[in-house]
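According to this note's numbering, the sequence shown is numbered sequentially starting from 5. C-beta atoms are modelled at their ideal positions from N, C-alpha and C, and glycine is treated no differently. Quantities reported herein were computed from a predicted structural model and do not represent experimental measurements. Down below is the structure, laid out as structure tokens.
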Amino acid sequence: MRNKHIDQSYMEKFLRIQSEVITPYLRQIMHPAELKSIFCIYEMIEQCENIYTYLVNGNTVVIFEISRVDQSITHDRTVSIRNYAQESKGRQWHRYVRELQAFSEREDSQVK
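Structural data, given as structure tokens:
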């Protein structure tokens, strides 16, 4: 069983990085006034970087890496939610799109 303290510590660190690094980056690649919601679909922790997949505004998916050494960001790609869902889920993509869009509408996904 995982330690609750470790989970809480990880979540605090994740939210800090999202606030200080990820949200400003997404504001740069999207027009700042157009950034309404962000939702982390996927995070892969690698040895030297973390790979993130974010749903932005309920319709765009942005994939990028953040260096664990200096927090520099390398943009991988930006795709529509439909294309991302089709690549990820194949024939079940319609349902996946609805699930992701529901997450993007949650209060904790809104950018302030």
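Would the region 24-32 and the region 89-101 be scored as touching if the rule is three or more Cβ pairs under 8 Å? no
Straight-line Cα distance separating LEU59 from TYR14: By 1-based counting over the sequence shown, the position of residue 14 is 10. By 1-based counting over the sequence shown, the position of residue 59 is 55. Distance between the alpha carbons of TYR14 and LEU59 is about 21 Å.
Could you work out which residue in PHE18, GLU109, GLU38 is closest to ARG72 when comparing CA atoms only? As a working note, residue 72 is residue 68 in the sequence shown. It is PHE18 whose Cα lies nearest to the Cα of ARG72.
Secondary structure of ASN87, DSSP reduced to three states: One-based indexing of the sequence shown puts residue 87 at position 83. Looking at ASN87 - three-state DSSP - the assignment turns out to be helix.
How would you write the range of the beta strand (DSSP E) that SER108 sits in, first residue to last? Along the sequence shown, one-based indexing puts residue 108 at 104. No beta strand (DSSP E) holds SER108; the alpha helix (DSSP H) holding it covers 97-108.
What's the gap between the Cα of VAL65 and the Cα of ILE49? Residue mapping note: residue 65 aligns to position 61 of the sequence shown, counting from 1. Residue mapping note: residue 49 aligns to position 45 of the sequence shown, counting from 1. Roughly 19 Å between the two C-alpha positions.
Can you give me the Cβ contacts of TYR88 inside the same chain, cut-off strictly under 7 Å, excluding the 5 residues immediately before and after it? Taking the first residue of the sequence shown as 1, we reach residue 88 at position 84. Closer than 7 Å at the Cβ level, and outside the excluded window around TYR88, lie VAL65.
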